[in-house]
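What follows is one structure encoded as structure tokens, with my remarks underneath.
Number of protein chains: 2
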Amino acid sequence: MSDPHALGHPAAPPAGALVHIVDDDEAIRDSLAFLLASRGLVTREWPSGEAFLEAASTEGCCCVVMDVRMGELGGIETFERLRGRDAGTPVIFLTGHADVPIAVEALKKGAFDFVEKPFNDNALVDVVIAALAEAESRRSRVAGRGVLEARLKNLTPREAEVLPLLLGGRLNKQIADELGVAMRTVEVHRARIFEKMGVRNAVELTRLLGGAGD
Amino acid sequence: MSDPHALGHPAAPPAGALVHIVDDDEAIRDSLAFLLASRGLVTREWPSGEAFLEAASTEGCCCVVMDVRMGELGGIETFERLRGRDAGTPVIFLTGHADVPIAVEALKKGAFDFVEKPFNDNALVDVVIAALAEAESRRSRVAGRGVLEARLKNLTPREAEVLPLLLGGRLNKQIADELGVAMRTVEVHRARIFEKMGVRNAVELTRLLGGAGD
DNA sequence: CGCGCTATTGTGGAAATCCGCAACGGCCGG
DNA sequence: CCGGCCGTTGCGGATTTCCACAATAGCGCG
Numbered sequence: 001m002s003d004p005h006a007l008g009h010p011a012a013p014p015a016g017a018l019v020h021i022v023d024d025d026e027a028i029r030d031s032l033a034f035l036l037a038s039r040g041l042v043t044r045e046w047p048s049g050e051a052f053l054e055a056a057s058t059e060g061c062c063c064v065v066m067d068v069r070m071g072e073l074g075g076i077e078t079f080e081r082l083r084g085r086d087a088g089t090p091v092i093f094l095t096g097h098a099d100v101p102i103a104v105e106a107l108k109k110g111a112f113d114f115v116e117k118p119f120n121d122n123a124l125v126d127v128v129i130a131a132l133a134e135a136e137s138r139r140s141r142v143a144g145r146g147v148l149e150a151r152l153k154n155l156t157p158r159e160a161e162v163l164p165l166l167l168g169g170r171l172n173k174q175i176a177d178e179l180g181v182a183m184r185t186v187e188v189h190r191a192r193i194f195e196k197m198g199v200r201n202a203v204e205l206t207r208l209l210g211g212a213g214d
Numbered sequence: 001m002s003d004p005h006a007l008g009h010p011a012a013p014p015a016g017a018l019v020h021i022v023d024d025d026e027a028i029r030d031s032l033a034f035l036l037a038s039r040g041l042v043t044r045e046w047p048s049g050e051a052f053l054e055a056a057s058t059e060g061c062c063c064v065v066m067d068v069r070m071g072e073l074g075g076i077e078t079f080e081r082l083r084g085r086d087a088g089t090p091v092i093f094l095t096g097h098a099d100v101p102i103a104v105e106a107l108k109k110g111a112f113d114f115v116e117k118p119f120n121d122n123a124l125v126d127v128v129i130a131a132l133a134e135a136e137s138r139r140s141r142v143a144g145r146g147v148l149e150a151r152l153k154n155l156t157p158r159e160a161e162v163l164p165l166l167l168g169g170r171l172n173k174q175i176a177d178e179l180g181v182a183m184r185t186v187e188v189h190r191a192r193i194f195e196k197m198g199v200r201n202a203v204e205l206t207r208l209l210g211g212a213g214d
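Quick note, the sequences are listed as chains A and B, same order. Each step along the first sequence adds one to the number in full-length UniProt numbering, with nothing skipped, and position 189 is 189. Each step along the second sequence adds one to the number in full-length UniProt numbering, with nothing skipped, and position 152 is 152.
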């Protein structure tokens with residue numbers, strides 16, 4: 001097992017972070033919870049993939065440590081269902097069986113890491129802390145995108161029509177010709193777009209949206 | 001083993017594509033070469049990681065199919081050295097030993113795929129073709145970046161100084177104040193930047209460079 | 001020394017952008 | 001019916017951007 005996204009030794013976990021432990025073996029769950037708690041991490045135990053999916057909230061900053069092999073619903077399948085509803089939560093798989101295709105599949109599907117038992121305690125905790133940092137990073141990105149999308153949704157239909165033309169570097173005169181309106185009208189739309197998007201000019205808007213206004 | 005980056009059934013490989021086969025077992029090399037040739041792929045065999053690194057050119061569109069365990073220089077180490085000099089060539093690892101940590105490590109280090117022997121012939125060919133498509137895609141991206149960097153290098157020192165200010169959405173007057181020059185001077189630099197970067201206005205420039213002018 | 005390049009600056013004029021103020025018409029909901 | 005919102009347009013004026021033409025000074029290289 002390797003140190004996955006090592007940027008140096010992982011620091012303290014984000015505030016309010018939670019580690020979900022999903023395993024049908026109670027002894028293992030408890031043992032993991034004890035280990036993580038001894039490093040100041042808050043955990044929540046789940047006896048099955050179903051239980052986890054049914055009742056766990058992954059809204060706050062959290063990650064999942066999950067066994068690959070479980071009763072009805074296996075770890076990989078649980079992971080896929082989780083991704084369907086929340087793709088931002090990092091998942092670390094544990095397995096007691098050397099199974100390369102499963103490991104490859106999990107990682108390619110986006111699992112954060114894949115750990116064979118028995119594992120080194122310190123190394124696993126480091127992976128968990130790194131996963132929590134990644135979870136926090138993903139949340140920040142998603143939040144920023146949400147603000148942007150809300151602002152875009154606040155544009156009127158006509159403003160939304162002008163936006164890509166504006167981002168294309170067109171003159172007001174050209175846009176007016178294309179839409180069959182007066183140049184003054186384009187100026188009004190333009191000013192309203194800047195105001196709603198919280199920018200001062202076309203360059204700031206372009207930096208904010210890049211190619212996303214197409 | 002899974003279909004890695006499946007976008008549907010992989011099409012024909014890019015023109016001029018080459019598959020490097022790196023394995024110290026000659027029989028396996030020949031067998032692989034035969035299989036890939038039967039699907040119209042051009043191959044080149046290498047008996048060791050050293051031989052491959054020393055004499056192989058990875059400039060054109062190509063990918064590598066490599067055994068994990070080899071004599072002196074192992075597959076993973078060969079891969080790391082290759083990445084040090086050319087990070088764009090996709091590498092597919094083959095292994096006859098179930099070894100999860102190695103698989104996890106390889107994928108996390110950026111390997112394209114990891115395949116256990118014995119493997120399904122058709123599936124392996126599909127992975128190779130997908131890897132070649134990925135190689136082509138990476139080359140296009142790198143080429144585009146090269147053109148951009150050449151243009152940026154063509155700017156005079158003063159122009160390079162004005163660029164980030166321009167991309168920050170600043171007025172010519174503000175830039176002039178900050179640099180302690182006349183507004184006319186800023187206009188000249190600005191016009192020269194547009195000309196050299198092949199754009200017509202600040203919006204086009206911003207789209208081209210995004211935040212990269214900082 | 002002459003040439004090319006870089007950096008700077010001024011003049012005058014045109015085009016583009018920005019915007020306050022004002023107004024009109026249509027649509028929708030309370 | 002009235003008010004709010006959307007879309008449109010005009011006027012006049014200010015600011016900003018763009019640029020042809022012209023010029024100077026400094027530096028490096030053949």
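Using N, Cα and C, we set each Cβ at its ideal position, and we do this for glycine too. Quantities reported herein were computed from a predicted structural model and do not represent experimental measurements.
{"Check": "Need the endpoints of the beta strand (DSSP E) that Glu45 of chain A sits in, please.", "Outcome": "Val42 to Trp46"}
{"Check": "From the DSSP output, which residues share a beta bridge with Thr185 of chain A?", "Outcome": "Its beta-bridge partners do not exist; DSSP assigns none."}
{"Check": "Anyone know if the C-beta pair for Lys117 of chain B and Gly96 of chain B falls short of 8 Å?", "Outcome": "yes"}
{"Check": "Thinking Leu73 of chain B and Ser57 of chain B are a contact (beta carbons under 8 Å), I'd like their distance in whole angstroms, please.", "Outcome": "That belief does not hold up - the Cβ atoms of Leu73 of chain B and Ser57 of chain B are roughly 19 Å apart, past 8 Å."}
{"Check": "Rounded to whole angstroms, what is the Cα-Cα separation between Leu163 of chain B and Arg141 of chain A?", "Outcome": "27 Å"}
{"Check": "Can you check DSSP and say which residues form a bridge with Met66 of chain A?", "Outcome": "A:Val22 and A:Phe93"}
{"Check": "Could you please give the first and the last residue of the uninterrupted alpha helix (DSSP H) stretch that includes Phe79 of chain B?", "Outcome": "Gly75 to Arg85"}
{"Check": "Going along chain B, which residues have a C-beta under 8 Å from Ala98 of chain A?", "Outcome": "Ala98, Asp99 and Val100"}
{"Check": "In chain A, what lies closer than 7 Å to Phe114 of chain B by C-beta?", "Outcome": "Val100 and Val104"}
{"Check": "Quick one: list the residues of chain B neighbouring Cys206 of chain A, beta-carbon separation under 7 Å, in chain order.", "Outcome": "The amino acid at residue 206 of chain A is misidentified as Cys; the sequence shows Thr. What Thr206 of chain A touches in chain B: Val203, Thr206 and Arg207."}
{"Check": "Would the segment 141 to 154 of chain B count as touching the segment 171 to 179 of chain B if we require 3 or more Cβ pairs under 8 Å?", "Outcome": "no"}
{"Check": "Judging by CA-CA distance, which residue of A:Gly40, A:Val147, A:Pro101 and A:Glu204 is the nearest neighbour of Gly169 of chain A?", "Outcome": "A:Glu204"}
{"Check": "Rounded to the nearest angstrom, how far is the Cβ of Arg207 of chain A from that of Thr206 of chain B, given a contact under 8 Å?", "Outcome": "6 Å"}
{"Check": "Do you know offhand how far Glu54 of chain A's Cα is from Asn172 of chain A's?", "Outcome": "54 Å"}
{"Check": "Starting from Leu107 of chain B, find everything on chain A with Cβ-Cβ shorter than 7 Å and list it in chain order.", "Outcome": "Val104 and Leu107"}
{"Check": "Taking Cβ-Cβ distances shorter than 9 Å, what residues in chain B pair up with Gly210 of chain A?", "Outcome": "Thr206, Arg207, Gly210 and Gly211"}
{"Check": "Can you tell me whether DSSP reads Asp3 of chain A as helix, strand or coil?", "Outcome": "Unreliable positioning characterises Asp3 of chain A in this predicted model, as indicated by a pLDDT of 46, which lies under 50. The coordinate reading is nonetheless provided below. Coil."}
{"Check": "Pop quiz: residue 218 of chain B and Ile102 of chain B are said to be a contact at Cβ under 8 Å. What is the actual Cβ separation, rounded to whole angstroms?", "Outcome": "Chain B is shown only over 1 to 214; residue 218 of chain B falls outside these bounds and no answer can be derived."}
{"Check": "Closer than 8 Å by C-beta to Met70 of chain A: which residues in its own chain qualify, once you throw out the five before and the five after it? Chain order, please.", "Outcome": "Val22, Asp23, Asp24, Ser48, Gly49 and Thr78"}
{"Check": "Near Leu35 of chain A, what residues of its chain come up, given a Cβ to Cβ distance below 6 Å and the 5 sequence neighbours on each side ignored?", "Outcome": "Asp121"}
{"Check": "Excluding sequence positions up to five away, which residues of its chain have a Cβ less than 6 Å from the Cβ of Asp86 of chain A?", "Outcome": "Thr58"}
{"Check": "Quick one, which residues of the UniProt domain \"HTH luxR-type\" (148 to 213) of chain A are near chain B if we go by CB-CB under 9 Å, in chain order?", "Outcome": "Leu166, Leu167, Gly168, Gly169, Arg170, Leu171, Val199, Arg200, Asn201, Ala202, Val203, Glu204, Leu205, Thr206, Arg207, Gly210 and Gly211"}
{"Check": "Between Thr43 of chain A and Ala51 of chain A, is the Cβ-Cβ spacing less than 8 Å?", "Outcome": "no"}
{"Check": "What residue does the alpha helix (DSSP H) around Glu59 of chain B start on, and which one ends it?", "Outcome": "Unbroken run through Glu59 of chain B: none, as it is neither H nor E."}
{"Check": "Do Leu94 of chain A and Val115 of chain A have their C-beta atoms within less than 8 Å of each other?", "Outcome": "yes"}
{"Check": "Mapping DSSP to helix, strand and coil, what is Glu105 of chain B?", "Outcome": "helix"}
{"Check": "Apply the 10 Å Cβ neighbour rule to Glu26 of chain A and answer buried if 16 or more other Cβ atoms are within range, or exposed otherwise.", "Outcome": "exposed"}
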